[in-house]
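Position 166 of the sequence shown, counted from 1, bears residue number 165 in numbering that gives the first Met the number 0, the numbering being contiguous throughout.
All C-beta atoms in this analysis are idealised placements derived from N, C-alpha and C, irrespective of residue type, glycine included.
Note that the structure is a prediction, hence the values are computed from the model and not measured.
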Amino acid sequence: MFKPALVVMDRFLKALEAQDLKVEITEDHQGRGTYACDGRDRVKLHIREITRKVEYVPSDKELREKERCSWTKIPKWDDLPTGELDLTPGGRVDVSSDEAINLLVRKAVADVIELIGQARKKREAEEAQRKREWEHEQAMAAERQRVEAMIKAAAALREYCVVTDYIEEVRRFGRVPIDQRREGQTLDQWLAWAEAQAQRIHPLGD
Numbered sequence: 000m001f002k003p004a005l006v007v008m009d010r011f012l013k014a015l016e017a018q019d020l021k022v023e024i025t026e027d028h029q030g031r032g033t034y035a036c037d038g039r040d041r042v043k044l045h046i047r048e049i050t051r052k053v054e055y056v057p058s059d060k061e062l063r064e065k066e067r068c069s070w071t072k073i074p075k076w077d078d079l080p081t082g083e084l085d086l087t088p089g090g091r092v093d094v095s096s097d098e099a100i101n102l103l104v105r106k107a108v109a110d111v112i113e114l115i116g117q118a119r120k121k122r123e124a125e126e127a128q129r130k131r132e133w134e135h136e137q138a139m140a141a142e143r144q145r146v147e148a149m150i151k152a153a154a155a156l157r158e159y160c161v162v163t164d165y166i167e168e169v170r171r172f173g174r175v176p177i178d179q180r181r182e183g184q185t186l187d188q189w190l191a192w193a194e195a196q197a198q199r200i201h202p203l204g205d
């Protein structure tokens with residue numbers, strides 16, 4: 000069935016190209032084979048001879064080998080060619096006439112167009128889902144950053160309150176510890192300096 004298969008595939012590929020569909024033979028991470036492509040979307044094309052399963056009849060040599068080595072495997076079924084072709088997409092091939100082949104080719108082209116449309120919808124849906132997930136992750140990350148900033152600001156506010164309480168305590172006592180003031184610095188000068196430092200700590204300062 001090699002020659003009939005070539006005839007069918009030749010007409011099929013030409014019909015696809017007439018529909019502005021590119022035909023590529025590829026071998027990549029998605030698989031190897033012949034594909035009809037429209038932009039980023041593609042459908043695999045395949046023609047094969049249909050086989051039927053019949054019970055396998057082992058030869059005398061295989062039987063003797065099985066007796067000698069019990070682990071020897073003998074197939075249970077044999078695949079016999081039927082002389083019929085199957086085109087994917089499209090279906091069973093009728094090579095009885097040119098019209099029958101042309102009819103199959105038209106159906107196969109229509110199937111390819113439909114399958115590419117389905118592949119495009121699936122890809123676009125997956126891309127949209129990935130975009131939604133990415134946007135959700137970005138929103139969650141931004142939310143975490145806002146929460147962390149708030150917690151940091153709250154900690155700064157606690158520190159500010161502690162410092163201002165201390166300043167008021169110094170004001171009440173009327174004396175600045177030696178290790179906290181410059182030489183010759185008055186209480187009022189220190190209070191002004193300390194309040195300026197406290198304002199720098201305040202999360203809403205400046």
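*Between the C-alpha atoms of M139 and K120, what's the straight-line distance to the nearest angstrom?*
28 angstroms
*Grouping DSSP H, G and I as helix and E and B as strand, with all else coil, what is P3?*
helix
_Beta-carbon proximity of V22 to V104, cut-off 9 angstroms_ = In this structure, V22 keeps its C-beta atom at 9 angstroms or more from the C-beta atom of V104.
*Do the segment 128 to 148 and the segment 58 to 78 touch if we need at least three Cβ pairs shorter than 8 angstroms?*
no
*Taking just the CA atoms, how far does K52 sit from R10?*
Each residue's alpha carbon lies about 30 angstroms from the other.
*If I100 sits next to V108, beta carbons under 8 angstroms apart, how far is it from one beta carbon to the other, in whole angstroms?*
I100 to V108, Cβ: 13 angstroms. No contact.
*Report back the beta-carbon spacing between A118 and D19 to the nearest angstrom; my notes put them in contact at under 8 angstroms.*
Contact flag wrong, Cβ pair sits at about 16 angstroms.
*Sort T81, I115, G204, W70 by Cα distance to L44 and report the nearest one.*
I115
*How would you label W133, buried or exposed, when you count the other beta carbons within 10 angstroms and need 16 or more for buried?*
exposed
*Relative to the C-alpha of D77, which residue among H201, Y55, Q179, E48 is closest?*
Y55
*Compare the Cα-Cα distances from P57 to each of A152, I73, G204 and report the closest residue.*
I73
*On the premise that D59 lies in contact with P88, defined as a C-beta separation below 8 angstroms, what is that separation, rounded to the nearest angstrom?*
Not confirmed; about 45 angstroms, so no contact.
*Between V92 and T81, what straight-line distance do the alpha-carbon atoms span, to the nearest angstrom?*
Distance between the alpha carbons of V92 and T81: 12 angstroms.
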